[in-house]
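Number of protein chains: 2
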Amino acid sequence: MSKKCKYAFKALAHLAKSYPATHCKTAEIAHLENIPRKFLELILLDLKKGGFVNSKQGAGGGYYLVKAPETILLGEIYRLFDGAIALLPCVSLKFYEKCKDCPDEVACGLHRVFLQIRDQTLKLMLQKTVSDIL
Amino acid sequence: MSKKCKYAFKALAHLAKSYPATHCKTAEIAHLENIPRKFLELILLDLKKGGFVNSKQGAGGGYYLVKAPETILLGEIYRLFDGAIALLPCVSLKFYEKCKDCPDEVACGLHRVFLQIRDQTLKLMLQKTVSDIL
DNA sequence: TATAAATTCTATTAAACAAGTAGGATATTT
DNA sequence: AAATATCCTACTTGTTTAATAGAATTTATA
């Protein structure tokens, strides 16, 4: 997992703690969660584009969760930042790509095994939410 | 998974088919499995250093498996080429690294969830062998 | 209404990694 | 001696990662 994605999880967890009461400043999150501030700005922007958080500009502004923590699936966030959950493109649900070197996907032994692994991981990632990482 | 790792799996599967009778030339594997030949040379060299295959130089030489296909765990190969199976360094068994931004690993929610995911994946990867991808 | 505080936008950077390619050295068989 | 094959080292090219920088925009409040 990229640091960007890890930081995103931590930021969401931080916002979840004050949900739905208040909003948090980037600088505050950056400081308390040990994330480079300018880097975190980009991350929060991505989370906003993804529809997970919203923001208020200007003095007294900040970020806050749009949805309840228990409705934000870890898999969604992972995909937003790191793309495929699967270890091989040919077993990916959302980022599928055919292997150029493989003539027959159905007969491919690698495909079979890594589909199992993807299924397992996907199940957990779509079952666990931000409220599970508080 | 890197292409290098995927090619390694395919090469091992190829060698497994002629185990223990004969050995295979790099050029033959490269051609039949659609792998760039010079790239495959490096991969087979790594597999040799890792103790999974052996080779014979000179005319009529080639590569062959050292161990039976059902004793070569997919997880071992994955680690050799791509390193950690875990998605976070702090939940890795063989490539452990402490997160600099995390004060307390035991209390970390991310740690907890991604440890579960690692456990799952590891279990399958150390249970499945080269004979499972034939 | 000016000022400070905050997000938003665009660009740049340095380092590492991925996926090869190249060419010659070495060993073995015929 | 010639052909065949692995072995070794280096190089290349493009992409990604993990940031950093600076200015533009929006908003509250003194």
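Residue numbers (my numbering), protein chains in the order written: chain E, 2 to 135; chain R, 2 to 135.
Backbone N, C-alpha and C fix where the C-beta goes; we use that ideal spot for every residue, glycine too.
query	result
Validate contact between the segment 35-55 of chain E and the segment 7-15 of chain E using beta carbons, cut 8 Å, 3 pairs	yes
Within chain R, partners of K129 (chain E) - CB distance below 7 Å	V114
Span separating the alpha-carbon of M2 (chain E) from that of L81 (chain E)	12 Å
Expected contact under 8 Å - CB spacing of K57 (chain R) and H24 (chain R) to nearest Å	6 Å
For G63 (chain E), the residue or residues it bridges with in DSSP	E:K57
Contact residues within the segment 31-52 of chain E, judged by C-beta distance below 8 Å to chain R	E34, N35, I36
CA nearest to the CA of L116 (chain E), picked from E:S93, E:L66, E:L33, E:K50	E:S93
Chain E residues whose Cβ lies nearer than 7 Å to that of I73 (chain R)	Here the premise fails: no neighbours, minimum Cβ distance about 13 Å.
CB contact flag (K26 (chain E), L135 (chain E), <8 Å)	no
Per-residue DSSP class, three states only, for T122 (chain R)	helix
Residues that L74 (chain E) bridges to, as DSSP identifies them	E:T130
Contact check, I86 (chain E) vs T130 (chain E), beta carbons under 8 Å	no
N- and C-terminal bounds of the alpha helix (DSSP H) containing K4 (chain E)	4-18
Buried/exposed call for F96 (chain R), threshold 16 Cβ in 10 Å	exposed
Short CB-CB distance (under 8 Å) between G76 (chain R) and chain E	no
Rounded distance between the beta-carbons of G51 (chain E) and L127 (chain E), thought under 8 Å	Contact doesn't hold; Cβ gap of about 16 Å is too wide.
Contact under 8 Å by Cβ, L125 (chain E) with Y64 (chain E)	no
Proximity to G61 (chain E) [Cα-Cα], best of E:A12, E:A14, E:E29, E:G110	E:E29
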